[in-house]
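Chemist: Numbering (our numbering), first residue to last: 523 to 797.
Let me give you the structure first, and then I'll get to my questions.
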């Protein structure tokens with residue numbers, strides 16, 4: 523088992539291991555590695571000697587491999603979070619102010635909920651009710667819908683149909699009906715279109731507009747920049763909430779965001795005066 527673990531260690535992981543054990547190994551490395559110039563090439567014998575010391579140390583202290591892996595994973599997670607946090611700031615306009623993204627609720631809301639979803643996602647269908655219930659209870663909320671078709675061609679078709687319905691002023695109604703539907707194929711799209719009194723010929727024409735493909739591609743790239751890999755996913759303020767969330771949990775995130783906004787008002791005023 524130990525040899526298998528050692529065999530699978532990448533150079534990066536081995537570097538992390540050395541960081542943990544360098545103080546112990548340093549005393550065991552032959553003196554010639556210290557006396558020779560750092561510019562001199564390491565001979566095969568020197569390399570073999572150093573590798574032997576490291577191997578012996580790891581075999582005597584196998585738990586350090588786990589510690590190194592955990593440290594590496596923690597480091598990578600910290601870097602990922604920092605990258606996402608920076609992207610949330612840099613891409614704020616694309617997240618909150620994309621004119622092509624459908625919206626619902628109060629246009630002058632103090633808090634906005636961004637939702638990434640797929641019409642063939644069972645969890646999305648379940649949490650739709652939670653989101654709708656929250657918006658009904660809280661008239662100061664706004665929802666921005668980010669069509670994120672990741673579950674196949676049928677999801678892509680459904681997303682384009684909903685965006686095409688937006689051009690006839692019926693996005694929210696179409697979106698809700700499609701979420702409630704068991705299917706999201708062309709038959710379902712036609713049925714919902716008829717129920718809502720849409721011009722289906724116009725809907726089909728708009729669905730073929732390359733601009734809708736471009737919009738969906740932007741959403742997919744945006745999700746990738748934020749490490750959103752599945753649906754549903756929400757953004758409230760600078761907090762990303764992955765997975766299915768009930769209305770009470772969403773309400774708590776909204777409350778937290780409102781508190782942050784209230785605390786930030788004086789600070790922003792001071793900054794404004796300095797400028």
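Ideal Cβ positions, reconstructed from N, Cα and C, are used throughout, including at glycine.
In three-state DSSP terms, what is residue 766?
Modeler: Within the chain shown, numbered from 1, the residue matching residue 766 stands at position 244. Of the three classes helix, strand and coil, the one that applies to residue 766 here is coil, per DSSP.
Chemist: Would you check if there are 3 or more beta carbon pairs closer than 8 angstroms linking the stretch 744-758 to the stretch 665-684?
Modeler: Yes: the two stretches touch, three or more of their Cβ pairs being nearer than 8 angstroms.
Chemist: In terms of alpha-carbon separation, which member of 568, 764, 640 lies closest to residue 681?
Modeler: Against the chain shown, residue 681 aligns to sequence position 159. If we check each option's Cα against that of residue 681, 640 comes out closest.
Chemist: Under the rule that 16 or more other beta-carbon atoms within 10 Å means buried, what is residue 627, buried or exposed?
Modeler: The residue you call residue 627 lines up with position 105 of the chain shown. So residue 627 counts as buried.
Chemist: What residue range is occupied by the uninterrupted beta strand (DSSP E) comprising residue 664?
Modeler: What you label residue 664 is simply residue 142 of the chain shown in a count that begins at 1. Residues 663-669.
Chemist: For residue 652, tell me which candidate among 570, 676, 771 has the shortest Cα-Cα distance.
Modeler: Looking up residue 652 in the chain shown gives position 130. Ranking 570, 676, 771 by Cα distance to residue 652 puts 771 first.
Chemist: Unbroken alpha helix (DSSP H) runs of length 4 or more, entirely within the stretch 621-686: which are they?
Modeler: For the stretch 621-686, whole alpha helix (DSSP H) runs of length 4 or above, ordered along the chain, are 644-659.
Chemist: When the Cα atoms are used, what is the spatial distance from residue 697 to residue 748?
Modeler: Locating residue 697 in the chain shown gives position 175, where the first residue counts as 1. Locating residue 748 in the chain shown gives position 226, where the first residue counts as 1. Answer to the nearest angstrom: the Cα atoms are 24 angstroms apart.
Chemist: Excluding five sequence neighbours on each side, which residues of the same chain lie with their C-beta closer than 6 angstroms to the C-beta of residue 711?
Modeler: The residue labelled residue 711 in the question sits at position 189 within the chain shown. Within the same chain, residue 711 has close Cβ partners 683.
Chemist: If you draw a straight line from the alpha carbon of residue 607 to that of residue 766, how long is it in whole angstroms?
Modeler: On the chain shown, position 85 is the one that residue 607 refers to. On the chain shown, position 244 is the one that residue 766 refers to. For residue 607 and residue 766, the distance between alpha carbons rounds to 21 angstroms.
Chemist: Confirm, please, whether the CB-CB distance from residue 738 to residue 613 is below 8 angstroms.
Modeler: In the chain shown, counting from the first residue as 1, residue 613 sits at position 91. In the chain shown, counting from the first residue as 1, residue 738 sits at position 216. No, the Cβ-Cβ distance between residue 613 and residue 738 is not below 8 angstroms.
Chemist: For residue 774, which of 622, 635, 567 has the nearest alpha-carbon?
Modeler: The residue labelled residue 774 in the question sits at position 252 within the chain shown. Of the candidates 622, 635, 567, the one whose C-alpha sits nearest the C-alpha of residue 774 is 635.
Chemist: What distance in whole Å lies between the Cβ atoms of residue 690 and residue 721, which are believed to be in contact at a cut-off of 8 angstroms?
Modeler: Position 199 of the chain shown, counted from the start, is the residue given in the question as residue 721. Position 168 of the chain shown, counted from the start, is the residue given in the question as residue 690. Yes, residue 721 and residue 690 are in contact; Cβ-Cβ is about 7 angstroms, under 8 angstroms.
Chemist: What do you reckon, are the CB atoms on residue 699 and residue 717 nearer than 8 angstroms?
Modeler: On the chain shown, position 177 is the one that residue 699 refers to. On the chain shown, position 195 is the one that residue 717 refers to. In contact: residue 699 and residue 717 (Cβ atoms closer than 8 angstroms).
Chemist: Would you call residue 686 buried or exposed, if buried means 16 or more other Cβ atoms sit within 10 Å of its Cβ?
Modeler: On the chain shown, residue 686 is found 164 positions in, with the first residue counted as 1. Classification for residue 686: buried.
Chemist: Is the beta carbon of residue 769 closer than 8 angstroms to that of residue 655?
Modeler: The residue given as residue 655 occupies position 133 in the chain shown. The residue given as residue 769 occupies position 247 in the chain shown. Against a cut-off of 8 angstroms, the Cβ pair of residue 769 and residue 655 comes out as a contact.
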